[in-house]
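S.K.: Letter by letter, the sequence shown follows residues -11 to 407 in our numbering. Could you have a look at this structure, given as structure tokens, before my questions?
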Amino acid sequence: MLFLGMEPLFATDQTRALVPRIREFVLNELVPLESTEHLTGNFSKVAKILDQKRELVRKAGLWGLQHSIDEGGLGLSLCEFGQISEVLAWTPFGHYTFNCQAPDIGNMELMNKYASKEIKNRFLEPLKEGHIRSCFSMTEPEFAGSNPTQMGTVAERERSADAGDNYLINGHKWFTSSADGASFAVVMAVTNPDAAPHKRASMIVVPTDTPGFELVRNISIMGDPSDHWGSHAEVRYTNVRVPVDNLIGGEGMGFMLAQERLGPGRIHHCMRWIGIAERCFDLMCRRAATREIEPGVMLGEKQFIQGFIAESRAEIDASRLMVLRTAHNIDEQGAAAVRNEISAIKFFVANMMLRVVDRAIQVFGAMGVTDDVLLGWYYRHERGARIYDGADEVHKTALARSILKEYGLDTRKKVAAQV
Ligand SMILES: Cc1cc2nc3c(=O)[nH]c(=O)nc-3n(C[C@H](O)[C@H](O)[C@H](O)COP(=O)(O)OP(=O)(O)OC[C@H]3O[C@@H](n4cnc5c(N)ncnc54)[C@H](O)[C@@H]3O)c2cc1C
């Protein structure tokens, strides 16, 4: 039984019309591609096939689901798109095929709101059409990503009669996801070193064919460096020169834009994780119902396994309600007003998803750790969920501090006094 995207409390005419169509597409066109060959090694193998599937998405009128009506999309609210994101996550290939995969979706949202007309024409339009890919380059190996104000990458302004007004960028990044084959990077670099820490950095568009952009390697993640969209790169920027017009927003706005990018981004991730949990739950239940553990006794007749199933069901449903409520509140009040809710869903849902993946692997026994089933793919590729977009500990601390403030305890003041 598929529960996917079926939360009547938040259903609208749009989701009632779209969810069944997208679910059908995912089940008929994408799930059959989940062979061991496509789930291991380089992503570029399956990307060729997915690019053909993208044509079917266009023909079905389902391209650009996430965009506003002005941008040629369907004008879905965050809460509506979240429900679709869950359905797409039934397979690792869903978001890519519908061109709403991270990091591109975040870059599209950001550029649509803050980039100049020229940047939009040159970079955003082909990105929206799926003709190119992009990446987001903020984290650095030498500095704690959890506190990115310590960034080492610098963009110095350079004016010359022949070359015009440029930024000269120097720095070292890693975990620039999907940089391999991307046409441009949105790079976070310090442009205003003397400003307050949160006003020092800016976001600058850097085409990856600019001299000085070096993709050092695709970092191996639990034995799998992959390539193409499925990779996470180490990148060096050495005297990379780009026009100052490549700035997104204004100088010193980098952290503000990063926060803006992360608000809806966390809803996208959480709904994707709920879809992953549903998929693993489905696999777990099928296995429990059919694996004979003793003559005439199925695995699902054991109470331990029933516990896995019952706990997973309750945790997935609770997570969906939390995330859709948060998405609805962002739609109504903006992300800043619901920061606590966003922190809560980020760590709660990431952990829930990983618990369900792990329980499903346990129920499958040895087969669960092979690449003959999808579970191993999720185990490798989704462990990062508790680290990126704010590690668990950072979100828990932020939430607890905000709650304690209501009780008259200002923990920030104390930290400042200690320093
Ligand atoms: C799969 C994946 C994809 C990613 N994609 C991108 C991308 O596309 N672009 C990009 O720029 N970056 C990306 N990142 C990087 C990510 O944003 C950083 O890993 C993250 O910000 C954490 O930074 P760090 O790895 O330097 O860990 P650190 O900052 O060194 O933190 C290490 C650990 O310390 C703990 N910790 C941190 N702060 C606190 C605190 N205040 N209190 C208690 N404990 C704390 C947490 O457990 C944390 O995991 C990606 C990461 C992963 C895993």
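Every residue, glycine too, gets a C-beta built ideally from N, C-alpha and C. Because the structure is a prediction, the values reported are computed rather than measured.
1) Among the candidates Glu266, Leu287, Phe296, Arg145, whose CA atom is the shortest distance from the CA of Val230?
2) Could you spell out where the alpha helix (DSSP H) holding Leu98 opens and where it closes?
3) What are the boundary residues of the alpha helix (DSSP H) that includes Ala277?
4) If you drop the 5 nearest sequence neighbours on each side, which residues of the same chain put their C-beta closer than 7 Å to that of Cys273?
5) For Arg188, is the classification buried or exposed, using 16 other Cβ atoms within 10 angstroms of its Cβ as the cut-off for buried?
6) Determine the DSSP secondary structure at Ile209, reduced to helix, strand or coil.
7) Quick check on Asn206: buried or exposed, where buried means 16 or more other Cβ atoms within 10 Å of its Cβ?
8) By the three-class DSSP mapping on this structure, what secondary structure does Glu329 have?
9) Which partner residues of Tyr395 appear in the DSSP bridge assignment?
10) What's the call for Val407, buried or exposed, on a 16-neighbour Cβ count within 10 Å?
11) Report all residues from its chain with a CB closer than 7 Å to the CB of Thr79; omit the five preceding and five following residues, and keep chain order.
12) Are the Cβ atoms of Ala143 and Ser104 separated by less than 8 Å?
13) Examine ligand 1 and report whether any of its heavy atoms sits within less than 7 Å of the Cβ of Ala302.
14) Under 7 Å from any heavy atom of ligand 1, does the C-beta of His83 make it?
15) Three Cβ pairs or more, each shorter than 8 Å: is that satisfied between the segment 105 to 113 and the segment 67 to 79?
16) When the Cα of Thr85 is compared with those of Glu(-5), Met241, Lys47, which residue comes out closest?
17) Would you report the Cα separation of Thr137 and Pro185, rounded to the nearest angstrom?
18) Compute every distance between the C-beta of Ile207 and the non-hydrogen atoms of ligand 1, then say whether any falls below 7 Å.
19) Cβ atoms of Thr3 and Gln71: under 8 Å apart, would you say?
20) Under the criterion of a Cβ to heavy atom distance below 7 Å, does Met126 qualify as lining ligand 1?
21) In angstroms with no decimal places, state the Cα-to-Cα distance between Glu202 and Arg224.
22) So, for Ala388: in the same chain, excluding its five sequence neighbours on each side, which residues have a beta-carbon less than 7 Å away from its beta-carbon?
23) Between which residues of its own chain and Arg374 is the CB-CB distance below 8 Å, once the five residues before and five after are set aside?
24) Whole angstroms is fine: what's the gap from Leu392's alpha carbon to Asp398's?
25) Lys36: buried (16+ other C-beta within 10 angstroms of its C-beta) or exposed?
26) State the start and end residues of the unbroken alpha helix (DSSP H) segment that holds Val311.
27) Report yes if the CB atom of Leu98 is closer than 8 Å to the CB atom of Ile192, and no otherwise.
28) Do you know offhand how far Val178's Cα is from Tyr395's?
29) Need the endpoints of the beta strand (DSSP E) that Lys187 sits in, please.
30) Could you tell me how far apart the beta carbons of Ala323 and Cys67 are, in whole angstroms, since I believe they sit closer than 8 Å?
31) Exposed or buried, what is His119 when buried is set at 16 or more other beta-carbons lying within 10 Å of its beta-carbon?
32) Less than 8 Å between the CB atoms is what I'm expecting for Ile293 and Ala276, so what's the real figure, rounded?
33) Whose CA, out of Asp233, Ala90, Val45, lies closest to the CA of Glu12?
34) Below 8 Å on the Cβ atoms is my contact criterion, and I expect Ile255 with Val311 to pass it. Report the Cβ-Cβ distance as a whole number of Å.
35) Give me the residue from Arg400, Asn158, Leu362 with the minimum Cα distance to Leu27.
36) Spatial neighbours of Glu417 within its chain, please: C-beta separation below 8 Å, excluding the five flanking residues on both sides.
M.R.: In terms of the structure at hand:
1) Nearest of Glu266, Leu287, Phe296, Arg145 to Val230, Cα basis: Arg145.
2) Unbroken alpha helix (DSSP H) run through Leu98: 92 to 102.
3) Taken as a continuous stretch (DSSP letters only), the alpha helix (DSSP H) holding Ala277 covers 242 to 278.
4) If we look at Cys273 and ignore the five residues flanking it on each side, its Cβ neighbours are Ile297.
5) Around the C-beta of Arg188, 16 or more other C-beta atoms lie within 10 Å, and the residue is accordingly described as buried.
6) DSSP places Ile209 in strand when its eight states are reduced to three.
7) Buried is the call here.
8) In the structure shown, the three-state DSSP call for Glu329 is helix.
9) DSSP lists no beta-bridge partner residue for Tyr395.
10) Any reading at Val407 must be qualified, since the residue scores a pLDDT of 32, below 50, and its modelled position is unreliable; the value itself is stated next. So Val407 counts as exposed.
11) Excluding residues within five positions, the ones whose Cβ falls inside 7 Å are Val14, Leu18, Val19, Glu22.
12) In this structure, the beta-carbon distance from Ala143 to Ser104 does not fall below 8 Å.
13) Ala302 has its Cβ no nearer than 7 Å to any heavy atom of ligand 1.
14) His83: no, Cβ never under 7 Å from ligand 1.
15) As far as the Cβ criterion goes, the segment 105 to 113 does not touch the segment 67 to 79, which means the pair count is below three.
16) Restricting attention to Glu(-5), Met241, Lys47, the CA atom closest to the CA of Thr85 is found in Lys47.
17) C-alpha of Thr137 to C-alpha of Pro185: approximately 6 Å in a straight line.
18) For Ile207, the Cβ stays outside the 7 Å cut-off from all heavy atoms of ligand 1.
19) At a Cβ-Cβ threshold of 8 Å, Gln71 and Thr3 count as neighbours.
20) Taken from the Cβ of Met126, at least one heavy atom of ligand 1 lies inside 7 Å.
21) Rounded to the nearest angstrom, the two C-alpha atoms are 5 Å apart.
22) No residues qualify anywhere along the chain.
23) Within the same chain, Cβ atoms closer than 8 Å to the Cβ of Arg374 are found at Phe335, Ala338, Asn339, Leu342, Asp380, the five residues on either side in sequence being excluded.
24) Each residue's alpha carbon lies about 7 Å from the other.
25) So Lys36 counts as exposed.
26) Run containing Val311: 291 to 321, per the alpha helix (DSSP H) assignment.
27) No, Cβ-Cβ distance for Leu98 and Ile192 is not below 8 Å.
28) Rounded to the nearest whole angstrom, the C-alpha separation of Val178 and Tyr395 is 37 Å.
29) Unbroken run through Lys187: none, as it is neither H nor E.
30) Wrong, their Cβ atoms sit about 13 Å apart, outside the cutoff.
31) Result: exposed.
32) Yes, they are in contact, since the Cβ atoms of Ile293 and Ala276 sit about 5 Å apart, within 8 Å.
33) The residue with the shortest Cα to Cα distance from Glu12 is Val45.
34) 6 Å between Cβ atoms; contact.
35) Ranked by how close their Cα comes to the Cα of Leu27, the residues Arg400, Asn158, Leu362 have Leu362 in first place.
36) There is no way to answer for residue 417, as the model of the chain reaches only from -11 to 407.
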